[in-house]
Ligand SMILES: Nc1nc2c(ncn2[C@@H]2O[C@H](COP(=O)(O)OP(=O)(O)OP(=O)(O)O)[C@@H](O)[C@H]2O)c(=O)[nH]1
Ligand SMILES: [Mg+2]
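Protein chains in written order, with this note's numbering: chain A, 68 to 144; chain B, 575 to 1235.
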């Protein structure tokens, strides 16, 4: 399952991040890396952005990057 | 302590604390060579520096590179840092703290957002933190100043200390010269281009730091922060403000308010400034007996000053509104909503505000591009946004459209209205196309990585908002103002002095008066004087170049003088044609009757009018914009390049239009 497919309110652990080096780094600097526990937030489809929260911060990632981030569902809403 | 720099993650409250410490005692400048803002101020003789927020020493954006460079300097000079941490996201802040601590710079730690800690029922054990970190810790609220006195005392007593390190020892290397610590070197060598090996090194380092930091936070926090959802209310608000329908409506309303305020609300004080300067130049003309001196004061100095001060309302209002949007957290949501559309033009959601603001005026718009982190995108917006239809183009458009369509169009939709709408649309399309083109072609490095942080919603910090708007406006008046003032005076010299003597002009005038017959319109001496001024000669000089566009030297003079500001076009025409009033209908009437002596046809026929309109759509007839482009990009090169490119565009469009119609 990838990050985009995750449902709103569900939380998950990041399993793999197969995006460009630049995005990878940008995510890491925001504290998003393999093993991080994240929660999926409301992400309306028109904006083509995927919203998550991690350690008290909310971050959005473009959909074309989010589909390349594999997650393992941790808990449902 | 001679100086103290504020450092911390973005949005941790550095600027709020900076304002508390320095009050109005601050100034905005630029870091040399780049356009990142440098804010500094004085607190009791100590120079306080507000650095841009930093996510990590393994930096990403231009702003962050500046902060990094400063920090590395401090590491070498032992100059102290004030680290500002967000108390409710303590683990996140301490991660950066640990990276800086490994550089062994003296620090004081401010744990901010004391009020929100309390609201979330988080209790911090200050002494324990102090023991863990090895430097002084102050708990405070930099919004209302709680804890400020304690911090001030620490600054006075020079209590910055080098904290314990976290992972520095991991970077000890032994070579033939003995032990060496390569931590500083590793960070310095790290290039913007990120290799896989570096990523792995960073990831390993990060996960170790995260472990160390969470061990500390678990000990010092008496409650587990992960159990509390401090984001709950922001998430609820986002469901409305990011909603495809409600979010869109709110977005449009907010944009409408911003646009209306910069356009209409600012118009009121602008009129006052205008009237004040008109009154002052009238007084100057009446009270100074030497004629050239009176003219210098009223048409040169006062016009120049007025030309600078007239922008203050727009700049101040836009920056107050932007401050509110940014402070509340809504600005990031605007980026969120518009990102997908603007991506088509190579821009991102961060460009919406500058683009929309340039409908009112390109100057505050270009100043606001600082919030665009991506340098390439920022340059594209700076270079393209003067094509948007700003309010100074309106007087020119109104007159020319009125000349084009003599019959008073009535009804809600009429030819005049449609023409105006078309011109606005043309400006918008041109802006987006040019932005797209610049983005495609330019060699500026793009921080292609795009992630957006959506901060928690908050009430605005009014003091922050006003201090920032004040400092921005001041920096405009001081730096761009000088250039605008000088060019105004230079243009005045061109229009008021003649290589010929006064007697010569008198003679020309008298011989003109004697030749005309009863029915001809009489022109006054001023019209003759401007014909023989340097500007008049320049107008005649460029006549061959503008003839293909359907213009004569009189329009040439107006094109030259309106370089000061587009609306000067109207005033100059009224001087040249001796109209003696800037009333719209009088000028329109006069322009309509003007004949082209060579062809015997009307001078302002359809072809010439459209050609002139298009010229004003595309040409950079605004020295103030050029001055601000130079200020914001740090180089005259870009302003010049922009001026020439827009001139060529305008020339081609006008030429094409004149030949079609
Ligand atoms: N409730 C509360 N809000 C605060 C406190 N300190 C700052 N804020 C608010 O937090 C927001 C961000 O503050 P800034 O001072 O702009 O943060 P900054 O660190 O300068 O941010 P950047 O310059 O973007 O890195 C503003 O809305 C402040 O009003 C605090 O102690 N309590
Ligand atoms: Mg700040």
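Even for Gly, the Cβ is constructed at its ideal location relative to N, Cα and C.
- In this structure, ligand 1 has no non-hydrogen atom nearer than 7 angstroms to the beta-carbon of residue 915 of chain B.
- Taking the Cα positions, residue 71 of chain A is about 6 angstroms away from residue 134 of chain A.
- With a cut-off of 7 angstroms, the C-beta of residue 589 of chain B is classified as near ligand 2, since at least one heavy atom of the ligand falls inside that distance.
- The CB of residue 910 of chain B comes closer than 7 angstroms to the CB of 114, 116 and 127 in chain A, given here in chain order.
- Judged by beta-carbon spacing, residue 581 of chain B lies beyond the 8 angstroms limit of residue 646 of chain B, meaning their Cβ atoms are not closer than that value.
- Looking from the CA of residue 920 of chain B, the closest CA among B:850, B:935 and B:1009 belongs to B:1009.
- Burial check for residue 1033 of chain B: the Cβ neighbour count within 10 Å stays below 16, so the residue is exposed.
- Remark: the C-beta of residue 686 of chain B is in contact range of ligand 1, defined as less than 7 angstroms to any heavy atom.
- Residue pairing from DSSP places residue 711 of chain B in a beta bridge opposite B:683.
- At a cut-off of 8 angstroms between C-beta atoms, residue 626 of chain B does not count as an interface residue with respect to chain A.
- Counting along the chain, residue 624 of chain B sits inside the beta strand (DSSP E) bounded by residues 620-624.
- With a minimum length of 4 residues, the unbroken runs of alpha helix (DSSP H) contained wholly in the region 850-929 of chain B fall at 865-869, 877-883, 886-902 and 904-917.
- Straight across, the Cα-Cα distance linking residue 1175 of chain B with residue 881 of chain B is about 37 angstroms.
- In the three-state reduction of the DSSP assignment, residue 1186 of chain B falls in the helix class, which pools H, G and I.
- Per DSSP, the beta bridge partners of residue 577 of chain B are B:621.
- Relative to ligand 1, residue 689 of chain B has its C-beta within less than 7 angstroms of a heavy atom.
- Short note on residue 582 of chain B: C-beta closer than 7 angstroms to some heavy atom of ligand 1.
- Per DSSP, the unbroken beta strand (DSSP E) holding residue 120 of chain A starts and ends at 116-121.
- With the criterion set as a beta carbon lying under 7 angstroms from some beta carbon of chain A, the members of the region 903-930 of chain B are 910, 911, 913 and 914, in sequence order.
- In this structure, residue 704 of chain B sits near residue 710 of chain B, with a CB-CB distance shorter than 8 angstroms.
- Distance from the C-beta of residue 717 of chain B to the nearest heavy atom of ligand 1 is below 7 angstroms.
- Counting the other CB atoms within 10 Å of its CB gives residue 950 of chain B a total of 16 or more, which places it among the buried residues.
- DSSP places residue 735 of chain B within a strand segment (E or B) once states are collapsed to three.
- Straight-line measurement puts the Cα of residue 998 of chain B at about 34 angstroms from the Cα of residue 1108 of chain B.
- The region 789-796 of chain B and the region 92-105 of chain A do not touch, with fewer than three beta-carbon pairs separated by less than 8 angstroms.
- In the structure shown, residue 73 of chain A adopts coil according to DSSP, grouped into three states.
- The closest CA to that of residue 743 of chain B, considering only B:778, B:770, B:757 and B:751, is found on B:757.
- The beta carbon of residue 677 of chain B sits no closer than 8 angstroms to any beta carbon of chain A.
- Contact with chain A is absent for residue 744 of chain B, since none of that chain's Cβ atoms lies less than 8 angstroms from the residue's Cβ.
- Counting only Cβ-Cβ distances below 9 angstroms, residue 665 of chain B has contacts in chain A at 98, 122 and 123, in chain order.
- Under a criterion of Cβ atoms nearer than 9 angstroms, the residues of chain A adjacent to residue 662 of chain B are, in order, 123.
- For ligand 2, a non-hydrogen atom lies closer than 7 angstroms to the CB of residue 624 of chain B.
- In its chain, beyond the 5 residues on either side, 893 have a beta carbon closer than 6 angstroms to the beta carbon of residue 1046 of chain B.
- In this chain, the beta strand (DSSP E) harbouring residue 1025 of chain B covers 1025-1028.
- Straight through space, the alpha carbons of residue 626 of chain B and residue 877 of chain B are spaced by roughly 38 angstroms.
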